[in-house]
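Heads up: the sequence shown runs through residues 0 to 391, numbered per numbering that gives the first Met the number 0. Even glycine gets a Cβ: it sits at the ideal position worked out from N, Cα and C. Just so we're clear, the structure is a prediction, and the values are computed from it rather than from any experiment. The structure under discussion appears below in the form of structure tokens.
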Amino acid sequence: MYEPREDSTLLEKYVRQHAKGLVLDMGIGFGIQAITASHNNKVKSVIALDVQEEVIEHCKKNIVNKKIKFLVSDLFKIFEENKSLKNRKFDTITFNPPYLPEDIRLKDLTVEGGKKGYETIEKFLNQANNYLKADGIILIVFSSLTKKDKVDEFIRKNLLDFELLETQKIFFEELYAYLIKKSPILKKLESKKIQNIRYFAKGKRGFIFIGRYKSKKIAIKTKNPRSEAILRIENEANFLKVLNKKNIGPRLLFHGQDFLVYEFVDGIAFTEFLESKKADKKGVLKAIKNIFEQLFEMDKLNINKEEMSHPVKHVIISNKNRPVLLDFERSHYIKNPGNVTQFCDFLISKRILQLLKNNRIKISNKKMIANAKNYKKRINKNNLNKIISEIK
0 MYEPREDSTL
10 LEKYVRQHAK
20 GLVLDMGIGF
30 GIQAITASHN
40 NKVKSVIALD
50 VQEEVIEHCK
60 KNIVNKKIKF
70 LVSDLFKIFE
80 ENKSLKNRKF
90 DTITFNPPYL
100 PEDIRLKDLT
110 VEGGKKGYET
120 IEKFLNQANN
130 YLKADGIILI
140 VFSSLTKKDK
150 VDEFIRKNLL
160 DFELLETQKI
170 FFEELYAYLI
180 KKSPILKKLE
190 SKKIQNIRYF
200 AKGKRGFIFI
210 GRYKSKKIAI
220 KTKNPRSEAI
230 LRIENEANFL
240 KVLNKKNIGP
250 RLLFHGQDFL
260 VYEFVDGIAF
270 TEFLESKKAD
280 KKGVLKAIKN
290 IFEQLFEMDK
300 LNINKEEMSH
310 PVKHVIISNK
320 NRPVLLDFER
330 SHYIKNPGNV
340 TQFCDFLISK
350 RILQLLKNNR
360 IKISNKKMIA
370 NAKNYKKRIN
380 KNNLNKIISE
390 IK
């Protein structure tokens, strides 16, 4: 059982100041945070959780408080398993997590936060959004031994904002007390009835999250706070509106100034498709033809995508074997677009030629270059077909 130490005292200070409404105390130890929260007049009730049954039994025997309910749970697991607690959301969540890196000589759940020390915090933050009210707060304390930059990263990846309340130096480490809350973007998304939002991937200029909207899996793109690119999200949304009419790109559902939401495309990157067992000569040729036809439509609209000479992450082959173009942040109108010709360059690159050869597909570099030059001079269907016909 974890006895109160400097970290508990530090967290208690801010629980006393900020706790409100319905409170969830995670990893209760001796129950100091639950007791402190219950004494606040702004607090209605406290649910106190711990993964260790003996901790809960100790608290039940030694703490008599009508405001507090003690339950055994590994993080939020009980809210998934107990029907009476499902869909419960809190105004305040407090957590003094185990945050020390794993010590082979010391197997103690109360202090060890995983192999690197931050795994438990990461798991907690990945789930916390689902149990926090729109204007709710999380009060958490952790150590410099946990790697502060990693914790900050986990917070950002879950569309949360944080305030450093206090730093306290003790012996060989520093303790950090954080107040965490939902970011404005997260509030907007949840107000649109998007559920189970979680981090998916990171790009140069944005973050991709996934979630559920009207029972469908969706993707959410937000700007990377560290990116210097301006108005890229709005730019992509505007081009998707145009291109969706031609069945190009993922279907845009809605967008704001700093986010866009579209239907999630389940599939694999084009290069992975060429390497996969799903690929056969007929399927690959059909996919290439479809990609060219989409790029041709963009050329006709004088829209340049800017990514097609190396579209490793920009073309997904869906589970239905349909190519879907992604990422239109850099798209712009131009007199002489080069989407088709850029993709020609990509197909005759050394690596792609070998992957095509593995699928019994041949391309003549000379003919491809010549046909691409003719297409560039006159963008029309006839010249496009000449390019496609040489891939066989």
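Using the Cβ count rule (16 or more neighbours within 10 Å means buried), how would you classify residue i?
i, result
"I103", "For I103, the pLDDT reaches just 39, beneath the cut-off of 50, and the residue's location in the model is therefore unreliable, leaving the point undetermined."
"Q256", "exposed"
"K181", "buried"
"K106", "Confidence in K106 is poor, its pLDDT being 46 and thus under 50, which makes the residue's placement too unreliable to answer from."
"Q353", "exposed"
"P97", "buried"
"E274", "exposed"
"F345", "buried"
"D148", "exposed"
"D298", "buried"
"P183", "exposed"
"L163", "exposed"
"K222", "buried"
"Q32", "buried"
Thinking residue i and residue j are a contact (beta carbons under 8 Å), I'd like their distance in whole angstroms, please.
i, j, result
"N95", "L10", "5 Å"
"V394", "G28", "Summary: the structure shown does not reach residue 394, with the chain confined to residues 0 through 391, and so no result is reported for it."
"L23", "F89", "4 Å"
"K216", "F263", "4 Å"
"N303", "S330", "7 Å"
"G30", "C58", "5 Å"
"S66", "S44", "A small correction: the amino acid at residue 66 is Lys; Ser does not occupy that position in the sequence shown. Correct: roughly 5 Å between the Cβ atoms."
"I395", "C343", "Residue 395 lies beyond the residue range present for the chain, which begins at 0 and ends at 391; the question has no answer from this structure."
"E389", "S363", "6 Å"
Taking the beta strand (DSSP E) that residue i belongs to, which residues open and close that run?
i, result
"A133", "L131 to S142"
"L163", "L159 to I169"
"L84", "No beta strand (DSSP E) holds L84; DSSP gives it neither H nor E."
"K181", "E172 to K181"
"A218", "K215 to K222"
"I386", "Segment K380 to S388 is the alpha helix (DSSP H) holding I386; no beta strand (DSSP E) there."
"Y198", "Q194 to K201"
"R211", "G205 to Y212"
"G20", "G20 to M25"
Could you tell me the boundaries of the alpha helix (DSSP H) in which residue i lies?
i, result
"I31", "I31 to S37"
"R231", "R231 to N243"
"I120", "E118 to A127"
"R15", "E5 to H17"
"R155", "K147 to K156"
Cβ pair count under 8 Å reaching 3, the region 187-201 against the region 37-49: Flag = no, the region 187-201 and the region 37-49 do not touch.
Curious, which full-length beta strand (DSSP E) runs of at least 3 residues does the region 255-325 contain? Listed in chain order, they are 258-262, 266-268, 314-317 and 322-324.
Whole alpha helix (DSSP H) runs in the region 39-78 with 4 or more residues, listed along the chain? Within the region 39-78, the complete alpha helix (DSSP H) runs of at least 4 residues are 52-61.
Could you say if the region 318-330 and the region 285-302 meet the contact criterion of at least three C-beta pairs nearer than 8 Å? The region 318-330 vs the region 285-302: in contact.
Within the region 324-375, ranges of the beta strand (DSSP E) (whole runs, at least 3 residues): Complete beta strand (DSSP E) runs here, min 3: none at all.
Are three or more beta carbon pairs between the region 365-372 and the region 338-353 nearer than 8 Å? With a cut-off of 8 Å on Cβ pairs, the region 365-372 is in contact with the region 338-353, counting three or more such pairs.
Check whether the region 300-307 touches the region 266-280, counting contact only when three or more Cβ pairs, one atom from each stretch, lie closer than 8 Å. Counting Cβ pairs under 8 Å, fewer than three are found: no touch.
Taking contact to mean at least 3 C-beta pairs separated by less than 8 Å, is the region 117-132 in contact with the region 169-177? Too few Cβ pairs lie closer than 8 Å, so no.
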